[in-house]
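Undergrad: In the working numbering, the protein residues as written are 28 to 739.
Backbone N, C-alpha and C fix where the C-beta goes; we use that ideal spot for every residue, glycine too.
My questions all concern the structure below.
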């Protein structure tokens, strides 16, 4: 199903996954300003920039069956072919640096140095390869210089038609614009994925903008391909404690709770008393007290829309939702959620003509394991020198950024980044564990709502590849399945009108449905999309010390905060949850290590400690599940009001840097500090510094559940 990931070219992949304090590449994707480049979001033009020295590639042949391996990755073949051509043309001179990054199943990014011949020549070289279907533009939001924030413009447009159009009128409109329907989007109405019959490249962007002005079309937006890989902000190898898990637990006091867990003392987000002196205020959400007031979220279903969700983890397998066979519009093979990634179809055994896009299994496939396994095992099997030889390009980039590093430090940096990146493919498993983990025999992790159930919904391919069309379908699917809560730990998407309309539609259809989303990890004024959509509960992040985490966004449209963790200084400051690298396939033929590594809490990575608003959001989703467990009739608006009314600034403090930021912003109203349109300043009467950075405050699960019970 997925392409094989060769260790020879892992450099590009892992450098694109992490943010470092210095530039990662010896060359950068230079932005080319073009005032005519933009796309429309409710009539507002969002200016875009074309990335020079970067070209996206769409490949012709894609494996569509789970478990089938490709003998040779196409992106690696392209890397080799381009290197061969340019070495030949260089005629004894140093060949230009060209790197090919795989992007999901179907695409790759080709990046080349600024001194390389012009884009058109590289483009011609790429198109000459028989396995290349087409080349595509790479864009970014204007003013954003980070090359990793780029996105691809395919020949795909999501179109929402006026529901009053007849089929004949719709087809006439398509014919007039030279469009053809790829397919109707599932779990939504009057929305289609279309492509141009004749236009390609930037012309697709211009076509989408023109469609927005056509009578009969409500909106049209290119189906941009983004990559939202989990980012571990660190400039050096992670340093997990040398103490064993047992030794760590022996140093912490036990916590008695309604749902016992051996690891509970490390789960400071649930109860911080084990890690904070009694003289200091608590910085958790009082989950253990809320358990005594609730049924643990029993009967509540939370859709986790995310990446790989390994629901057969020992602490999750009893908490995964099982589809009722009598469910209306049950998908072929659907049992435990749905995987919307890729371009494959799943057909009914009884009716081969009944085929839908997607896959009934959100877990790691054998083909995906093949992609990840070799490089993962290399980090444990290879010596320092072997690792440096195997990953020469990566080693050179580490040395260019950290010239004082010894060979051992460079090798350990490579190890940690590779391991962390592969571990982070299970981001959806992490979010799921935060919500519903329930250990067997009191050994393992515990979630905020350990009696609730999750509906796994996968929208991210490997390396964080995602499209708006995929997410539109996933939101509609979750709503149609009647879930009580949707968790969206995916802040940072491009604002998209079709997705916004879909969220409005599902919220209007069910006033009790609560959607909780991450505020974003960009440390900007104004929460990220889709958390900024009205009706969505947006959640920022705090740390063990009760301060805003260095990454959490704030200001406009921020509702509340919850623990998100910080692991940069010490690993115990992260959020404890379920991991995915414990799968036997990762360790086949390999002797497991004797101690934890990177973000793992144990040698196999069955448990991890992580950071991000991605984990603040599921904490609040779990609190909502506790509330709905005691009062299922709570409306969405009332849920939000209770969360805000019962939240407080107790235990929270502001850093001097944040206070100075607030002082400048509130008194001067400097527009340069307004990072997003949702920023709240300047205002005639600015809100307090606490509300600016923490919204209505730190969520209190105990108080929220008590209030929900009073309103039964």
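Near residue 704, which residues of its chain fall below 6 Å by C-beta distance, leaving aside the five closest residues on each side in sequence?
TA: Caution is warranted here: a pLDDT of 46 is assigned to residue 704, below 50, making its placement in the model unreliable, and the coordinate value is therefore given only provisionally. In the same chain as residue 704, and ignoring 5 residues on each side of it, no C-beta atom comes closer than 6 Å to its own.
Undergrad: Tell whether a beta-carbon distance below 9 Å holds between residue 462 and residue 646.
TA: Contact flag set, yes.
Undergrad: Taking Cβ to Cβ, would you say residue 207 is nearer than 9 Å to residue 234?
TA: Cβ distance not < 9 Å, so residue 207 and residue 234 don't count as in contact.
Undergrad: Could you check what DSSP says for residue 365 in three-state terms: helix, strand or coil?
TA: In the structure shown, residue 365 sits in a strand (DSSP, three-state: E or B).
Undergrad: Of the choices 495, 536, 531, whose alpha-carbon is the least far from that of residue 517?
TA: 495
Undergrad: Measuring only the C-alpha atoms, how far is residue 216 from residue 667?
TA: 28 Å
Undergrad: Please list, in chain order, all residues of the same chain as residue 627 whose beta carbon is under 6 Å from its beta carbon, the five residues on each side excluded.
TA: 635
Undergrad: Between which two residues does the alpha helix (DSSP H) containing residue 220 stretch?
TA: No alpha helix (DSSP H) contains residue 220, which is instead part of the beta strand (DSSP E) from 218-223.
Undergrad: Alpha carbons only, please: which of 536, 561, 581 is nearest the one belonging to residue 552?
TA: 581
Undergrad: Please classify residue 100 as buried or exposed, where buried requires at least 16 other C-beta atoms within 10 Å of its C-beta.
TA: buried
Undergrad: Going by beta carbon distance, what residues of the same chain come within less than 7 Å of residue 407, once the five residues before and after it are set aside?
TA: 617, 620
Undergrad: On a Cα-Cα basis, can you pick out the residue from 674, 588, 693, 632 that is closest to residue 721?
TA: Ranking the options by Cα distance to residue 721, first place goes to 588.
Undergrad: For the beta strand (DSSP E) that residue 187 lies in, which residues bound it at each end?
TA: 184-188
Undergrad: Determine the burial state of residue 655: buried for a count of at least 16 other Cβ atoms within 10 Å of its Cβ, exposed for fewer.
TA: The residue in question, residue 655, is buried, as its Cβ has 16 or more Cβ neighbours within 10 Å.
Undergrad: Does the region 370-377 come into contact with the region 319-337, if we say contact requires no fewer than three beta-carbon pairs (one atom in each stretch) closer than 8 Å?
TA: no
Undergrad: Helix, strand or coil: how does DSSP classify residue 567 here?
TA: Residue 567 falls in the strand class under three-state DSSP.
Undergrad: State the Cα-Cα distance for the pair residue 445 and residue 396, rounded to the nearest angstrom.
TA: 14 Å
Undergrad: Could you give the distance in angstroms between the alpha-carbon of residue 148 and the alpha-carbon of residue 326?
TA: 60 Å
Undergrad: Assign residue 477 to buried or exposed, taking buried as 16 or more other Cβ atoms, counted over all protein chains shown, within 10 Å of its Cβ.
TA: buried
Undergrad: Is residue 494 helix, strand or coil when you go by DSSP?
TA: strand
Undergrad: Output the boundary residues of the beta strand (DSSP E) element that contains residue 409.
TA: Run containing residue 409: none; DSSP gives neither H nor E here.
Undergrad: Quick check: the Cα distance between residue 83 and residue 137, rounded to an integer number of angstroms?
TA: Take the alpha-carbon of residue 83 and the one of residue 137: they are about 6 Å apart.
Undergrad: Quick check on DSSP: helix, strand or coil for residue 278?
TA: Coil at residue 278, not helix or strand.
Undergrad: Using DSSP's beta-bridge definition, name the partner residues of residue 126.
TA: 138
Undergrad: For residue 487, which residues from the same chain have a beta carbon less than 6 Å from its beta carbon, with the 5 sequence-adjacent residues on both sides left out?
TA: 334, 493
Undergrad: If you draw a straight line from the C-alpha of residue 676 to the C-alpha of residue 584, how long is it?
TA: 18 Å
Undergrad: Can you say whether residue 400 is buried or exposed, counting buried as having 16 or more other CB atoms within 10 angstroms of its CB?
TA: buried
Undergrad: Please name the residue or residues paired with residue 253 in a DSSP beta bridge.
TA: 493
Undergrad: Can you check DSSP and say which residues form a bridge with residue 215?
TA: DSSP, once it has assigned bridges, lists no residue as partnering residue 215.
Undergrad: Taking the straight line between their C-alpha atoms, what separation do you get for residue 608 and residue 472?
TA: Distance between the alpha carbons of residue 608 and residue 472 is about 15 Å.
Undergrad: Helix, strand or coil for residue 685, going by three-state DSSP, please let me know.
TA: helix
Undergrad: Whole-angstrom Cβ separation of residue 236 and residue 447, contact assumed at under 8 Å?
TA: Not quite, the Cβ-Cβ distance comes to about 39 Å (not below 8 Å), so this is no contact.
Undergrad: So residue 441 and residue 422 are in contact, right, with Cβ under 8 Å, and what is the actual spacing, rounded?
TA: 7 Å
Undergrad: Report yes if the C-beta distance between residue 523 and residue 577 is below 9 Å; otherwise report no.
TA: no
Undergrad: Candidates 186, 510, 230, 249: which alpha carbon is nearest residue 332's?
TA: The shortest Cα separation from residue 332 among 186, 510, 230, 249 belongs to 510.
Undergrad: Compute the distance between the beta-carbons of residue 187 and residue 245, then report whether it is under 9 Å.
TA: yes
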